[in-house]
Structures are given as C-alpha cells and as structure tokens.
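For reference, the structure discussed in these notes is given below.
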Amino acid sequence: MKCSEFLHELTDYLDGVMDSPTKAELEEHLAWCHNCYVVCDTTKKTIEIYRDSQLYELPENLRTRLRSAIVQKCQSRKKAGPA
Amino acid sequence: MGAIQPKVGEPVFDELALRNVFRIAQHITQNREDAEDVVQDAFFKAYSNLAQFQGQSKFYTWLVRIAVNEALMKLRRRRPERTVSLDEDVKTEDDSVPREVADWSPNPEQQYSQAELREILDKTIHGLPATFRTVFVLRDVEGLSTEETAEALELSIPAVKSRLLRARLQLRERLNKFFKKREKSNGAQKPSSGDSNQ
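Chains H and F are the protein sequences, given in the same order. Note that my numbering numbers the first sequence so that position 15 is 19, with each residue one more than the last. Note that my numbering numbers the second sequence so that position 126 is 122, with each residue one more than the last.
Written as structure tokens, this is what we have:
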C-alpha cells in the first residue's frame, strides 16, 4: 500500500468503518511507515482535542435570552395566524 | 440526539439541541451575534414549518439543516465578494497531502491553559474554508453520523467523507505548528503568537 492510498482510507480507518482485510492492510502499512503513523496519530488527536474543547459553550444568560426570543417569535406568528 | 418531540405552534425545547445548534452556528459564522440570529431563525422556521417535516429524518437533523443554511446565508451576506456554497467546487487533490510530518508532544493540551488552548483551536478552525469547517463540526465536534451529516448538508456520503478528510488533515497541519515536539535545543518553549500564519 502506498502512502497516498493510506491517506485516502484514513477517514474510514479513524471512524472504524472498514472491512477487516482493508484494516489489516492499513495497519501493516502503519507498522513500517513512520510518517503515516504520525499523521494518523496526530489527526486522531486533532479530532479528540476539538471534541473535548467545549468551544462556544452557551452561557446560561444567553440560553435564557434565546429561549425567550424564540418563544416570542413563535407566539407573534401564532397571533398573526398563518401567512 | 433526536429526543425532541415537536408540537405545532408550541416550541418544545431540547436544551441539548439549543446548545448544539448555537455551537454549530457560531462555528460556521465565527460571530456571536450572527450565531444568536441563526439560532432564533432556525428554531422559529423549524417550528413554523412543522407541516413540512415529514418525519423521515430526525427532527434534530432537520433543525441542523435549517441552521446550517441560515448560517451560510449570513456568511454570504457578510462576504458578498466570495460566494460560500456547500455546492461550490472543492478542488485540489493535493491539499490533503500533509506537508509537515512531526510528532506531537504526548499531551499537547497540557502545554496550554484552557483559555490559550481555546484561542488556538478557535483561530485554527477559523482558517478553514466554510465548506470544510461545517462538515468537520457536524461530524467530529457534534458527533453526527456520516449519513446524518450528508442529510443535513444535502451532500452525498462520498462528498462528506472527502471534505471531512481534507478538513481533518488541514486542521492537523495547522495545529502542528503549536503542538509538535520541540527540538531539544529549543527546550520546552511555547511558540509565540507570531509563529502562527493563520
């Protein structure tokens, strides 16, 4: 397997959605290709870091404000009736 | 997701959906005020058009689809000189090929405070094209399946996978400059903000 072929399969490999023979072929490539091993490992870490990052959490005051605004919009429309 | 029980005329909130839609909106628009507008409009449109919701997909996926469209419209209005479309041609076969291969320190997150790390992640993801950013956020941050992401974005599954691969590799490449192992001669010095070319 070439490195470009490995990269092509990387998403399915990281997501754990591939058949056993392809997985075995990829892991055989990983065993000797240090560059692909590092790319695979650091891409996995990239995903984990973003998944755990809690970027853009919704503060309680904003949550309350958004809920009120949405309810108000929906009620205004209800009063006005269907367009 | 998918615990929402929508009722005509009565917004029934799923706290998780509200939080997730807000995060998706802010990831795409990269702007707090725009994200607030997107959330309001998306929930309002979803509840106002419940009759159009066929129930073939989860309500949450349908809500996300509306929110993504609203967020991309915000971007288009903000940057009229560059049309942002999920259907835009995503070229480049070679941009997936990692240019720099360096191992990272074992726990890169521990090199930075929470605030510093968030700033790095924010700046890094901000540099991705909206088409890639959106797929990455839905799949990897919000945990939608490939099928749900394809449905929410009205894309084919191969298109989702292709964009996801490029998004992941581009983010990895950008984070690399912060997280790669320092050469021994440099000690454990953190990169200064000037190291970034975001």
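Backbone N, C-alpha and C fix where the C-beta goes; we use that ideal spot for every residue, glycine too.
- For a Cβ distance threshold of 7 Å, residue set I53 of chain H lies close to E105(F), ordered along the chain.
- S24(H) has a beta carbon lying at 8 Å or more from every beta carbon in chain F.
- By DSSP's assignment, K54(F) forms no beta bridge with any residue.
- Cβ contact annotation for L34(H) (same chain, cutoff 7 Å, sequence separation greater than five): C40, Y41, C44, in chain order.
- Between the C-alpha atoms of E64(H) and E31(H) there is a straight-line separation of about 46 Å.
- Relative to the Cα of E143(F), the nearest Cα in the group T57(F), E66(F), L71(F) belongs to T57(F).
- The DSSP-derived three-state label of K177(F) is coil.
- Going by beta carbons, T47(H) and R164(F) fall inside the 8 Å limit.
- Contact of N45(F) with chain H by beta-carbon distance below 8 Å is absent, the smallest such distance being about 11 Å.
- Exposed is the label assigned to I153(F), since fewer than 16 other Cβ atoms lie within 10 Å of its Cβ.
- At a cut-off of 8 Å between beta-carbon atoms, Q48(F) makes no contact with chain H.
- Nearest neighbour of F55(F) by Cα position, chosen from A148(F), L134(F), H23(F), turns out to be A148(F).
- Here S158(F) is buried: its Cβ has 16 or more other Cβ atoms, across all protein chains shown, within 10 Å.
- Counting along the chain, no alpha helix (DSSP H) covers W100(F), and no H or E run does either.
- With distances taken between CA atoms, L59(F) lies nearest to F18(F) out of F18(F), A98(F), T25(F), R73(F).
- Ranked by how close their Cα comes to the Cα of Y43(F), the residues R55(H), L59(H), L62(H), R71(H) have R71(H) in first place.
- Between the stretch 110 to 129 of chain F and the stretch 168 to 177 of chain F, the count of Cβ pairs shorter than 8 Å is three or higher; the stretches touch.
- Between E11(F) and V34(F), the C-beta spacing is not below 8 Å.
- The beta-carbon of Y60(H) is placed less than 8 Å from the nearest beta-carbon of chain F.
- Assigned with DSSP and collapsed to three states, K6(H) falls in coil, not helix or strand.
- Under the DSSP assignment, Q36(F) falls in the alpha helix (DSSP H) whose first and last residues are 28 to 44.
- For the options Q166(F), A13(F), P102(F), the alpha carbon positioned closest to that of R95(F) is the one of Q166(F).
- In the three-state DSSP reduction, F132(F) falls in the helix class (H, G or I).
- Taking 8 Å as the cut-off, the beta carbon of F175(F) is found closer than this to the beta carbon of P104(F).
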